[in-house]
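Enquirer:
Residue numbers (the numbering used here): 1 to 276.
This is the structure:
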């Protein structure tokens, strides 16, 4: 049974903006009693090592933090990063695929794909595929390996690439759930930024610490153990969105569309991968 109503359901009904009662990622870890329970390494894959180190501060020099470089615009870089990772590490329990491009000019990747589709979907798919053997072998009865695909879709091309991410999570569950590998897709919700916005919209914004909470919930929530293939927001399994509302939680009608299976097969074809 999916925990469709989490312990945070009430606070998400009365949003007040960044820093309100909505949970932070660290609070989720504490509430799930995971502090020091996942105590090996945190691997942060980034295309901008300097920015990553500045953001992490002293954490970046910890031996438990590993910062490999990956350029999502290049499939060769994806392959190189995956190979480097596998040469160093023998265990991988959690994979959060979060980065991408958004409001960029129309263009092509060096591999000939549209920038958004190539970067946001194909690169993430390939990275998962190359690390899949580690995810499968690292799964244990007390903690099945988990994949989280971060999705959001306000613009057409960007939204299409992120819908492909959502469908990928559904198909990971379908293909590998019986092998103790599960996946979720989620909306991270709007986070505080320099963008101008109407006051009513700002009440839905979150701090960066709050914005990371749903991603972390997807990989540490004990109630999700052994499940997957569901869309989440606000630290809970989402229900269908209300089409009459301008803004709100939930998923669109195409989230569980049969085209997701066709997208899975087409992605294997585009990347010239063997489908099991």
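For glycine and all other residues, C-beta sits at the position ideal for the given N, C-alpha and C.
With distances taken Cα to Cα, identify the nearest neighbour of residue 42 among 243, 228, 218 and 95.
Expert: Comparing Cα-Cα distances from residue 42 to each of 243, 228, 218 and 95, the minimum goes to 95.
Enquirer: Would you give the residue range spanned by the beta strand (DSSP E) that residue 128 belongs to?
Expert: Careful: residue 128 lies outside any beta strand (DSSP E), inside the alpha helix (DSSP H) at 123-138.
Enquirer: Does the distance from the C-beta atom of residue 165 to that of residue 229 stay below 7 Å?
Expert: Taking 7 Å as the Cβ cut-off, residue 165 and residue 229 do not qualify as a contacting pair.
Enquirer: Between the C-alpha atoms of residue 283 and residue 143, what's the straight-line distance to the nearest angstrom?
Expert: The structure shown does not extend to residue 283, since the chain is modelled only from 1 through 276, so no value can be given for it.
Enquirer: Rounded to whole angstroms, what's the CA-CA distance from residue 155 to residue 106? Just pull it up for me.
Expert: Confidence at residue 155 is low in this model, with a pLDDT of 39, below 50, so its placement is unreliable and the value that follows should be read with caution. Straight-line Cα distance between these residues: approximately 13 Å.
Enquirer: Does the distance from the C-beta atom of residue 32 to that of residue 183 stay below 7 Å?
Expert: No, they are not a contact pair.
Enquirer: By the DSSP assignment, the alpha helix (DSSP H) with residue 266 in it spans what residues?
Expert: Run containing residue 266: 259-270, per the alpha helix (DSSP H) assignment.
Enquirer: Evaluate the contact criterion for the region 249-259 versus the region 21-29: three or more CB pairs, one atom per stretch, below 8 Å.
Expert: Because the criterion of three Cβ pairs below 8 Å is not met, the region 249-259 and the region 21-29 do not touch.
Enquirer: Between the region 69-81 and the region 119-130, are three or more C-beta pairs nearer than 8 Å?
Expert: The region 69-81, when compared against the region 119-130, does touch it at the 8 Å Cβ threshold.
Enquirer: Using the DSSP secondary-structure output, state which residues sit across from residue 143 in a beta bridge.
Expert: DSSP output for residue 143 lists 140 as bridge partner(s).
Enquirer: With burial defined as no fewer than 16 other Cβ atoms inside 10 Å of the residue's Cβ, what is the status of residue 178: buried or exposed?
Expert: Exposed, since its Cβ has fewer than 16 Cβ neighbours within 10 Å.
Enquirer: Looking only at its chain, what residues have a beta carbon closer than 6 Å to the beta carbon of residue 74, apart from the 5 residues adjacent to it on each side?
Expert: Once the five neighbours on either side are set aside, the close Cβ partners of residue 74 are 110.
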